[in-house]
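If you read the sequences in order, they're chains U and H. Numbers in this note's numbering are just positions in the first sequence, counted from 1, shifted up by 32. Numbers in this note's numbering are just positions in the second sequence, counted from 1, shifted up by 25. Glycine residues also receive a C-beta, built at the ideal position from the N, C-alpha and C atoms. Remarks on the structure that follows.
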Amino acid sequence: MPFLAAILLAMRLDEGPSRNAADAAHPGFTLRDATAAAGIHFVHHRATFDPLIAGIEPHVAAVGASVSVADFDSDGLPDLYFTNSRFGEPNALYRNRGDGTFEEVGALAGVAALNRPGDGVSMGAVWGDFDNDGREDLFVYRYGYPVLLRNVDGHRFEDVTEKAGLRHWINSNGAIWLDYDRDGKLDLYVTGYFRDDIDLWHLKSTRIMHDSFEYASNGGKNHLYHNLGDGKFEDVTDRMHVGSTRWTLAAASADFDGDGWPDIYLANDYGPEELYLNDHGTRFVLSTAGLEAESKSGMSVTLGDAFNRGRLDAFVTNISERGYIFQNNNLRLNEMNDRRRFRNVAEGQIADAGWAWGAQFGDLNNDGANELFVANGFISASHDRNYWYAMSKIAGANGRLFEDAATWPAFGDASLSGYERSRVYLNRGVAGWIDVADRVGATDLYDGRAVAMADLSNRGAMDVIVANQNQPAVLYRDTPDAANHWIAFKLVGTRSNRSAIGAEVSIEAGELRQRRVVDGGSGFASQNDRRPHFGLGKHEWVDRVVIDWPSGTRQVLTRPQIDGIVTITEPTR
Amino acid sequence: MSNVANAVAPPASLLQRGWQRGSSIDPRYLIAFLITVVLVVAQLRYHMVGGYQRLFLSLAVCVATEALLSWFDRGKVVNLLSAYISGISLTLLTKPQGGAIWPFLIGGFLAISSKYVLRYRDNHLFNPTNFAICALLLAAPARVSVLSHQFGNDVVTNLVIWIFGLIIAARVGVLHITLTYVISFLVLNGIRAAVLGQALLPELAPITGPMYQLFLFFMITDPRTVVKGKRPQIVVTVLIAVAEMLIRVASDRGWPLPTAFNAAPALIALWLVGPVAKFIDLRRLARRAPPSLSAPAPAR
């Protein structure tokens with residue numbers, strides 16, 4: 033009898049919780065698909081490569097849909113930039129009109145025609161004012177040569193890649209701006225995926241894939257470029273010891289250990305995550321921090337204060353597919369200050385978001401705690417044919433079988449973790465995170481890649497923009513509980529970089545604590561609204577705001593005006 | 026000449042003496058040694074356990090269940106090495122969703138209790154770990170997966186496991202089973218690839234993976250659940266390989282099978298064929314034996 037009971041119990045546990053918790057019925061916000069109403073008609077087209085790898089092209093070309101947010105025309109409204117990945121298909125710059133609609137101005141601005149034979153195809157972009165002239169510049173990373181586009185006058189951009197010394201072939205899926213040496217100028221960290229010597233349109237060999245399913249280290253080298261301040265960048269990768277050759281899909285930066293210097297966190301595909309601690313701007317040290325104990329397939333990394341501890345934790349997405357693999361997402365609590373490590377506390381629903389890609393923390397209901405939006409789904413093609421069985425043949429193979437694209441079973445029109453729905457995790461504190469995507473209205477089944485959050489109408493709501501692979505982009509308008517208060521900050525650096533990238537803002541409102549960082553790239557192939565947004569719940573005032581500027585300056589404000597965006601300029605001395 | 030030869034014959038080498046001594050050791054000790062080697066190598070180099078609480082829970086449940094059930098069943102606690110082997114192999118093979126540890130609890134219980142529940146003529150029919158992992162995969166596919174990927178793809182690590190595995194299989198007297206399965210897999214899936222017009226290497230690749238190492242050295246060669254006699258063992262091994270090949274054909278064709286069949290065809294093939302073969306074998310032996318010997322054996 034106990035024997036049968038054990039089997040029945042396993043079957044019951046397979047079904048998950050018998051009913052959702054009561055608070056899932058009232059998440060306190062809704063997400064409405066407002067893509068068409070906003071005039072956003074962007075459709076991503078995936079790349080095509082050398083016929084040598086035609087058999088697994090759907091896999092190799094399964095990235096490139098990105099979205100990044102910045103106010104490029106300085107009108108006080110966040111604009112959106114999407115990348116495309118097929119030769120001849122334009123990238124798109126959507127200017128925010130302020131009335132809930134956008135106009136596409138990519139071609140006029142000179143940031144659209146970036147997918148050309150010989151140059152490569154776009155994989156993503158990050159905004160940052162590298163020359164501190166008050167206008168947001170754009171760095172586009174590609175499978176190919178990256179492009180640095182200087183914002184000339186808030187309307188037009190000029191290509192300054194060659195002049196900046198950045199025209200080096202990198203098969204990159206990610207980049208972040210950071211000021212690693214705190215000299216007030218934005219530096220650039222560019223991640224490599226395929227090796228730099230691989231031209232995916234003119235392959236010399238099919239041995240281009242990962243040399244291990246779990247500890248691959250034959251990927252493209254990551255590069256750190258130091259901003260010299262005269263429009264030029266210097267490659268300081270080796271000097272700073274940050275040239276990881278793991279297959280980095282995403283990077284994020286913040287001061288994790290509280291020493292005042294920005295560190296770098298990497299999510300690596302087919303490998304363990306890596307944390308590079310900044311040693312006073314002189315070099316980076318690869319720290320173990322408990323990350324090496326779990327090797328998975330890091331697809332993205334986003335930073336946020338998961339449990340209102342006043343620390344920036346890391347959420348790293350991974351791959352899960354029922355019956356085949358449960359790599360499980362990681363929610364790593366930052367314990368660097370005391371225990372010098374990150375502790376993975378992901379369990380239950382938050383651990384499994386399918387084949388998860390980009391994710392972002394954001395207080396969608398303005399209750400003072402971060403929610404998590406996770407995009408997912410890898411390749412949606414045939415409803416009848418599934419590549420997972422074929423994948424299982426090669427995933428366990430030892431030797432050089434996995435490394436050789438020619439050894440992989442051909443994809444044909446099979447799906448691989450296709451038609452997955454996004455997850456929206458409601459933060460219930462110690463009660464855990466619960467998926468409320470269906471209930472709040474995030475119901476699309478696209479192959480999500482990049483997720484960005486932005487208050488597109490300056491109304492205290494974190495709208496969600498999702499770039500989908502080979503599919504249309506989606507804009508979800510957030511409607512948070514109107515009874516909750518909020519505050520956001522527009523930061524202007526003076527001694528620090530003008531974009532204030534790397535600034536960390538902490539607020540205290542009664543017992544509520546929350547910390548955010550101004551990101552120079554976050555999640556997967558994405559970048560959020562530059563203005564840190566805080567939900568306050570029922571708190572009607574903020575006691576204290578502490579801003580740790582990248583320059584090392586600490587600024588403290590008391591009782592700022594709430595329910596609005598507060599502009600703060602860094603003290604000049 | 027022979028006298029001269031005798032006079033100069035060297036004493037048995039250390040290796041020979043070790044080999045001879047090995048044959049007198051209870052096979053379970055050798056298998057326990059091997060699984061410990063696999064565990065230590067996999068964990069130290071690749072952190073494959075995924076949390077020590079999983080290992081401790083698996084071992085604790087397996088050992089406790091074995092002790093309890095054997096005491097109830099036979100009035101004494103049997104040797105717990107078998108439970109130790111099951112606990113470790115279950116830990117290595119089971120990959121649960123999120124931080125769930127219940128699969129190790131239920132899996133450990135199912136593995137050991139299957140020996141006491143699913144038996145015929147006082148012999149258990151299923152390899153305990155094989156039964157448990159297949160039961161979990163079939164009953165809870167949304168929460169449990171099986172180790173289906175590499176141990177880091179390191180040649181040295183794999184060589185260590187294969188060398189130890191083959192030596193111990195030879196000492197335990199089941200090397201022919203391991204080799205028969207490897208050869209059958211290569212031949213049958215080579216034919217399958219040719220018939221279905223598929224590239225050869227991807228079809229042969231799975232056997233190089235760690236799931237197959239555990240399958241070949243700890244499941245299909247389990248001395249307690251294989252049939253008696255070298256020739257019948259070879260026949261049954263080929264049948265299991267045929268069953269796996271047929272499952273793979275069905276998967277290739279996209280037939281609607283439970284995910285467990287696609288994810289772990291070798292394990293499922295053993296789960297389907299092994300107990301039937303063992304049952305028939307026990308029945309055959311009972312019929313052949315004199316009446317006095319055909320009664321169920323007392324406690325082992």
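Under the DSSP definition of a beta bridge, residue 159(U) partners with 170(U). Close partners of residue 120(H) in chain U (Cβ separation under 8 Å): 357 and 358.
Distance from the Cα of residue 292(U) is smallest, within the candidate group 312(U), 423(U) and 243(U), for 312(U). For residue 536(U), no alpha helix (DSSP H) encloses it; the enclosing beta strand (DSSP E) starts and ends at 536-541. Contact with chain U is found for residue 131(H), since one of that chain's Cβ atoms lies less than 8 Å from the residue's Cβ. Residue-level contact check: residue 328(U) does not touch chain H, since none of the beta carbons of chain H fall below 8 Å from its beta carbon. Taking every protein chain shown into account, the CB of residue 462(U) has fewer than 16 other CB atoms within 10 angstroms, so this residue is exposed. Proximity of residue 426(U) to chain H, defined by a Cβ-Cβ separation below 8 Å, is satisfied. Within the stretch 409-495 of chain U, the complete alpha helix (DSSP H) runs of at least 4 residues fall at 420-427 and 469-472. For residue 152(U), the pairing in a beta bridge is given by DSSP as 148(U) and 176(U).
Considering only beta carbons, the part of the stretch 173-194 of chain H lying closer than 7 Å to chain U consists of 173, 174, 175, 177, 178 and 183, in chain order.
If you ignore the 5 residues before and after residue 106(U), its C-beta comes within less than 6 Å of the C-beta of 186, all in its own chain and listed in chain order.
DSSP places residue 228(H) in no beta strand (DSSP E) but in the uninterrupted alpha helix (DSSP H) bounded by 225-229.
From the listed residues 79(U), 565(U), 275(U) and 90(U), the smallest Cα separation to residue 403(U) is found for 565(U).
According to the DSSP assignment, residue 91(U) belongs to the alpha helix (DSSP H) that extends over 89-92. Nearest to residue 364(U) by C-alpha distance, out of 349(U), 353(U), 272(U) and 488(U), is 349(U). Per DSSP, the unbroken beta strand (DSSP E) holding residue 309(U) starts and ends at 306-311. Residue-level contact check: residue 516(U) does not touch chain H, since none of the beta carbons of chain H fall below 8 Å from its beta carbon.
Residue state for residue 68(U) is assigned as coil, using DSSP reduced to three classes. Not flagged as an interface residue toward chain U: residue 152(H), since no C-beta distance is shorter than 8 Å.
Neighbours of residue 72(H) in chain U, taken as residues whose beta carbon is under 8 Å from its own, are 324, 325, 326 and 327 in chain order. Of all alpha-carbon atoms in 260(H), 233(H) and 243(H), the one lying nearest the alpha-carbon of residue 176(H) is that of 233(H).
A contact between stretches requires three or more CB pairs, one per stretch, nearer than 8 Å, and the stretch 489-503 of chain U fails this requirement with the stretch 536-549 of chain U. Taking a Cβ-Cβ cut-off of 7 Å, the neighbours of residue 421(U) in chain H comprise 276 and 287, given in sequence order. In the structure shown, residue 176(H) falls within a coil segment according to DSSP collapsed to helix, strand and coil.
Rounded to whole angstroms, the gap between the alpha carbons of residue 230(H) and residue 434(U) is 9 Å. For residue 587(U), no alpha helix (DSSP H) segment is defined; the enclosing uninterrupted segment is the beta strand (DSSP E) at 586-590. Closer than 8 Å to the CB of residue 280(H) there is not a single CB belonging to chain U.
Inclusion of residue 61(U) and residue 580(U) in the CB contact set at 8 Å is not warranted, their separation being larger than that value.
Taking a cut-off of 8 Å for Cβ pairs, the stretch 527-540 of chain U and the stretch 213-222 of chain U touch, as three or more such pairs fall below it. In the three-state reduction of the DSSP assignment, residue 247(U) falls in the coil class. In summary, the residues of the stretch 377-391 of chain U whose CB is separated from some CB of chain H by less than 9 Å are 377, 378, 379, 380, 381, 382, 383 and 384, in the order they occur in the chain. Taking the CA atoms as reference points, residue 269(H) sits about 12 Å from residue 212(H).
Non-local C-beta neighbours of residue 119(U) in its own chain, meaning closer than 7 Å and more than five positions away in sequence, comprise 147, 148, 149 and 153, ordered along the chain. Taking C-beta atoms as the reference points, residue 335(U) and residue 158(U) fail to come closer than 8 Å.
Rounded to the nearest whole angstrom, the CA to CA distance from residue 304(U) to residue 326(U) is 6 Å.
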